[in-house]
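Residue numbering for the sequence shown follows the UniProt record's numbering, beginning at 1 and increasing consecutively.
For each residue, glycine too, the CB sits at the ideal point set by N, CA and C.
Quantities reported herein were computed from a predicted structural model and do not represent experimental measurements.
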Amino acid sequence: MASSRAPYEEVKKLGVGSYGEVYLIKYHKKEYAAKVLHRLLFDPHDPGTATYADKFRAECERLKSLSHDCVVKYVQTIIRSDTNFPVLIMELCGESLTTFLEHSPTKPLPYHVELNISIDVGRALEYLHENSVIHRDLSSNNVLMVAGNRVKVSDFGMSKLDSVNPNRSLTICPGNVNYMSPQTFSNPPQYTTKLDIFFFGVLSVQIVTRQEPNPTDRHQPIPHQSPGVCREVPEVERRAAQLETIADDHPLKPVSLKCLTDEEEGRPTAASLVQTLKSLRGEEKYTQSYEKELHRSHAHKEREREKRMEKSHRSRHRSRRHPRVQLLPNEIKLKLLVVGQSGVGKTCALRVYNGEEFACQECTVGIVLDRRSTMH
Numbered sequence: 001m002a003s004s005r006a007p008y009e010e011v012k013k014l015g016v017g018s019y020g021e022v023y024l025i026k027y028h029k030k031e032y033a034a035k036v037l038h039r040l041l042f043d044p045h046d047p048g049t050a051t052y053a054d055k056f057r058a059e060c061e062r063l064k065s066l067s068h069d070c071v072v073k074y075v076q077t078i079i080r081s082d083t084n085f086p087v088l089i090m091e092l093c094g095e096s097l098t099t100f101l102e103h104s105p106t107k108p109l110p111y112h113v114e115l116n117i118s119i120d121v122g123r124a125l126e127y128l129h130e131n132s133v134i135h136r137d138l139s140s141n142n143v144l145m146v147a148g149n150r151v152k153v154s155d156f157g158m159s160k161l162d163s164v165n166p167n168r169s170l171t172i173c174p175g176n177v178n179y180m181s182p183q184t185f186s187n188p189p190q191y192t193t194k195l196d197i198f199f200f201g202v203l204s205v206q207i208v209t210r211q212e213p214n215p216t217d218r219h220q221p222i223p224h225q226s227p228g229v230c231r232e233v234p235e236v237e238r239r240a241a242q243l244e245t246i247a248d249d250h251p252l253k254p255v256s257l258k259c260l261t262d263e264e265e266g267r268p269t270a271a272s273l274v275q276t277l278k279s280l281r282g283e284e285k286y287t288q289s290y291e292k293e294l295h296r297s298h299a300h301k302e303r304e305r306e307k308r309m310e311k312s313h314r315s316r317h318r319s320r321r322h323p324r325v326q327l328l329p330n331e332i333k334l335k336l337l338v339v340g341q342s343g344v345g346k347t348c349a350l351r352v353y354n355g356e357e358f359a360c361q362e363c364t365v366g367i368v369l370d371r372r373s374t375m376h
């Protein structure tokens, strides 16, 4: 693992994960995101923490090997000189998709934004799968916003290299349980790249509905059967409450349903998924949404321009009523309140004498004033 002991400055904590924390840092005069292991999970003298350290090093190496415009960019791995902890430095992106969906002002999102986010996530998965990487922890927390309401996929701490044998048993999937496919609950778990496609299906429903996934129980009692006799509930049925809030004519709904198929064989590959999503850009619904957003953006800019012009006009009007006085050396500008003199209520340039004596240049009045009472 390439490393360096170059110093960096922690600015603030951005988030906390299952085994690491992410900080905004300044490194070589630029801002980046830095991921570090929880202190309790990295002890060189404790063999019990070796697994977490190995996972973290694997994440660093895996991210280092990836290069795609929809995947968070690796910068460097350094070693903190004070703790000897490894630190993964990455490009700094914006807020998570979770936060974006919670706080975005428009409900629902404009359709073209929904589709563009979906395409970016799909392209990231296509690239990962082409390089034999299964993400295994895709969720809205691990999708980060960038300029133009586009996104990048992050957090490869749980990713795995895909097996040559598609039926190989893998370790228990460590992702968010509300995103998991049926294959992850088998014993032992058996899944392929189609696991990420299922995650995508859950995520696409979340993007459209603006709701966190909340499926029902996986098993339900069978009526008129002995206690304890249950049936396994299909995933589409488990997620019916959210799916029913999406209009049947929404172009992303059939895509989501196909990705949520219980059997892996029924789900599309990442490549075919991206092809389907990109084809939706050619439909009228996408064009109308995009043009509507452009019009809204143009109208907003016009309102802001009018506000600036009005503010500038008021400022010029005030300048004409109260021309700015050019101060000479050793002069200060105060509001005079001199009863019976022509300078009452005017802003005048005052020459300082002996610290507290002032003389108004316009009124030629010499007077001793209290600084605190004369300043407004």
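Suppose the cutoff is 7 Å on Cβ atoms and the five residues either side in sequence are ignored; what does the same chain contact list for residue i look like?
i	result
glutamate 10	Tyr23, Ile25
proline 234	Asp262
lysine 64	Tyr74
glutamate 114	Ile207, Val208, Leu252
arginine 267	Lys194, Ile197, Phe198, Lys258, Cys259, Thr261
arginine 80	Val87
Between the Cα of residue i and the Cα atoms of the options, which residue gives the shortest distance?
i	options	result
lysine 13	His28, Pro7, Val36	Val36
leucine 273	Arg308, Tyr111, Gly122	Gly122
glycine 148	Gly201, Glu244, Arg62, Glu293	Glu293
tyrosine 127	Leu66, Phe156, Cys93	Leu66
valine 71	Arg308, Ser279, Pro213, Asn131	Asn131
arginine 210	Lys311, Gln242, Lys285	Gln242
alanine 240	Glu283, Thr269, Val205, Thr287	Val205
leucine 203	Leu101, Phe185, Lys30, Glu284	Leu101
Distance, Cα to Cα, residue i vs residue j?
i	j	result
proline 86	aspartate 249	49 Å
residue 391	cysteine 259	A query on residue 391 cannot be resolved here, the shown segment of the chain reaching from 1 to 376 and no further.
histidine 129	aspartate 54	22 Å
glutamate 21	glycine 15	6 Å
tyrosine 8	alanine 247	49 Å
glutamate 61	arginine 281	35 Å
tyrosine 111	tyrosine 290	8 Å
leucine 109	histidine 224	44 Å
arginine 238	asparagine 187	21 Å
arginine 308	arginine 296	19 Å
threonine 99	leucine 92	16 Å
isoleucine 78	threonine 245	47 Å
glycine 94	isoleucine 222	47 Å
valine 143	asparagine 214	19 Å
glutamate 212	arginine 314	48 Å
lysine 107	lysine 152	22 Å
valine 236	histidine 103	27 Å
valine 17	glutamine 76	Going by the sequence as given, residue 17 is glycine instead of valine. Cα-Cα distance, rounded: 20 Å.
serine 96	glutamate 265	31 Å
serine 181	glutamine 275	23 Å
asparagine 116	tyrosine 286	10 Å
glutamine 288	alanine 270	27 Å
phenylalanine 56	tyrosine 27	21 Å
serine 312	proline 254	53 Å
glutamate 284	arginine 150	21 Å
Once the 5 residues before and after residue i are set aside, which same chain residues still bring their CB inside 6 Å of it?
i	result
serine 139	Asn176, Tyr179
leucine 277	Ser118, Ile119, Gly122
serine 154	Val72, Asn142, Leu144
alanine 34	Tyr23, Ile25, Val87, Ile89
glutamate 310	none
So residue i and residue j are in contact, right, with Cβ under 8 Å, and what is the actual spacing, rounded?
i	j	result
tyrosine 52	isoleucine 89	About 19 Å separates the two Cβ atoms, so there is no contact after all.
glycine 201	serine 279	18 Å between Cβ atoms; not a contact.
phenylalanine 156	glutamate 59	5 Å
histidine 68	alanine 124	7 Å
Apart from the five residues just before and just after residue i, which ones in its own chain have a Cβ nearer than 8 Å to its Cβ?
i	result
asparagine 165	In this prediction, asparagine 165 scores a pLDDT of 43, lower than 50, which makes its location untrustworthy; the coordinate-derived value is nonetheless stated afterwards. For asparagine 165, where only same-chain residues beyond five positions count, there are no Cβ hits under 8 Å.
lysine 30	none
phenylalanine 185	Arg218
Beta-carbon of residue i versus every beta-carbon of chain D: anything under 8 Å?
i	result
phenylalanine 200	This model lacks chain D altogether, as it is built from one protein chain only.
Task: the segment 294-302 contacting the segment 223-231, beta-carbon criterion three pairs below 8 Å - done: Pairwise C-beta distances place the segment 294-302 out of contact with the segment 223-231, as fewer than three of them are shorter than 8 Å.
- [ ] Would you check if the segment 205-221 and the segment 229-243 touch, i.e. whether three or more CB-CB distances between them fall below 8 Å?
- [x] In short, these stretches touch, since the Cβ pair count reaches three.
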